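Shown next, in structure tokens, is the structure this report addresses.
There are 2 protein chains.
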Amino acid sequence: MISALSNQWLQALQADGCRITRSRKVIVDLLLNSDRALGPIEIYDLARKEYPALGLVTVYRTLEKLEAMGLIQRVHLPDGCHRYLRSTQGHEHLLLCTQCGKVVTFSGDDFSKLSDRVSQNTGFLIQEHWLQLFGVCPDCRKHL
Amino acid sequence: MISALSNQWLQALQADGCRITRSRKVIVDLLLNSDRALGPIEIYDLARKEYPALGLVTVYRTLEKLEAMGLIQRVHLPDGCHRYLRSTQGHEHLLLCTQCGKVVTFSGDDFSKLSDRVSQNTGFLIQEHWLQLFGVCPDCRKHL
DNA sequence: TTTAAAATGAAAATCACTTTCAATAAGGAT
DNA sequence: ATCCTTATTGAAAGTGATTTTCATTTTAAA
Ligand SMILES: [Mn+2]
Ligand SMILES: [Mn+2]
Ligand SMILES: [Zn+2]
Ligand SMILES: [Zn+2]
């Protein structure tokens, strides 16, 4: 399944001097159609169903490239810190299902007041924040 | 340097069925007196200055035990997710210096409104949140 | 002391990830 | 369509962190 977005990513790769290969198509496609963060081995196993000749090294190399281009982002989870997800747009954060891993994004957090206060109290110059919410998605709530 | 807190931790270990050993004393002491999160190898190297016979395996085993007991917590950073820090008390979060790694805690964040809104919008049951601030500590600001 | 169980470190094993390299495939030029 | 340069590939070897195994040592309770 090659979507419009998929072509967009492949063209972005090409514009960056890369060639469009079957390996990359399969990996890009998986990442674009997943609603949860995937790790290298996971991607490797899933992708080989579509393209058995794929090598694990190529998965690592493709993830590295896609991350460098800002198309995907690394996600930290309690049980693994090398999962990848398509990048969020602008100032968005993640909400993850602790049961099935499903990810949705949200925005509208406002840390300005907190940030100012903490800066006052600590003398730190505050640069950025990491925020992630964890919970149970609608589907998993049914089976809870 | 064996502080009161250090004895408290060692007694907690003992109460849990563990024995108090020189290895554990040294490791506990390092963790209690550090103002930044330490990784296993880092702890190993620092601890051997005090106790050269210490084995790396023992560092891993001790960290595992201390984390299981809730005395230390794992910290995620952009460049490594296996650093450990004494656990925060109650509802506290971390503010980390991106230059030297120094950690301070803060509290007083209020996610109730955000949490309610996101829950409404997504149908997720929200359970917990990860929040970390990054910045430059007072000392490092001087040399910036 | 004695003794049973816990803890230890060396060494080997495992695991995720990276590097190397010779062969292959992509795609621009012709 | 065919060449030709260069990027990409997978296999295999290498690396570094973490875990397992096991014979020996240490702890602390009796
Ligand atoms: Mn934010
Ligand atoms: Mn992490
Ligand atoms: Zn779910
Ligand atoms: Zn600093």
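Protein chains in written order, with this note's numbering: chain A, 1 to 144; chain B, 1001 to 1144. Think of the CB as a built atom: it goes at the ideal place given N, C-alpha and C, for glycine as much as any other residue. Keep in mind the model is a prediction, meaning the values are calculated, not measured.
Any non-hydrogen atom of ligand 1 within 7 Å of residue i CB
i	result
residue 109/A	yes
residue 125/A	no
residue 1093/B	no
Three-way DSSP call (helix, strand, coil) for residue i in this model
i	result
residue 20/A	coil
residue 122/A	helix
residue 1077/B	strand
residue 1131/B	strand
residue 1060/B	helix
residue 1144/B	coil
residue 1005/B	helix
residue 84/A	strand
residue 71/A	coil
residue 983/B	Given that chain B is displayed from residue 1001 to residue 1144, the structure contains no residue 983/B and the question cannot be resolved.
Ligand 4 heavy atom lying under 7 Å from the CB of residue i
i	result
residue 1035/B	no
residue 1099/B	yes
residue 49/A	no
Within-8 Å CB hit, residue i to chain A
i	result
residue 1125/B	yes
residue 1007/B	no
residue 1011/B	no
residue 1092/B	no
residue 1070/B	no
residue 1122/B	yes
residue 1036/B	no
residue 1132/B	yes
residue 1138/B	yes
residue 943/B	This structure leaves residue 943/B out entirely; chain B is present only between 1001 and 1144.
residue 1135/B	yes
residue 1095/B	yes
residue 1063/B	no
residue 1031/B	no
residue 1046/B	no
residue 1022/B	no
Any non-hydrogen atom of ligand 2 within 7 Å of residue i CB
i	result
residue 140/A	no
residue 129/A	no
residue 143/A	no
Contact test: residue i Cβ vs ligand 3 heavy atom, cutoff 7 Å
i	result
residue 81/A	no
residue 1025/B	no
residue 136/A	yes
residue 102/A	yes
With 16 other Cβ atoms within 10 Å as the buried cut-off, status of residue i
i	result
residue 1131/B	buried
residue 47/A	buried
residue 1135/B	buried
residue 1109/B	buried
residue 41/A	exposed
residue 1117/B	exposed
residue 51/A	exposed
residue 57/A	exposed
residue 113/A	exposed
residue 93/A	buried
residue 1049/B	exposed
residue 1020/B	exposed
residue 1144/B	exposed
residue 1087/B	exposed
residue 74/A	exposed
residue 1142/B	exposed
Within-8 Å CB hit, residue i to chain B
i	result
residue 154/A	Because chain A in this structure spans residues 1 to 144, residue 154/A falls outside the shown range and cannot be described.
residue 143/A	no
residue 83/A	no
residue 98/A	yes
residue 19/A	no
residue 109/A	yes
residue 66/A	no
residue 128/A	yes
residue 75/A	no
residue 104/A	yes
residue 57/A	no
residue 118/A	yes
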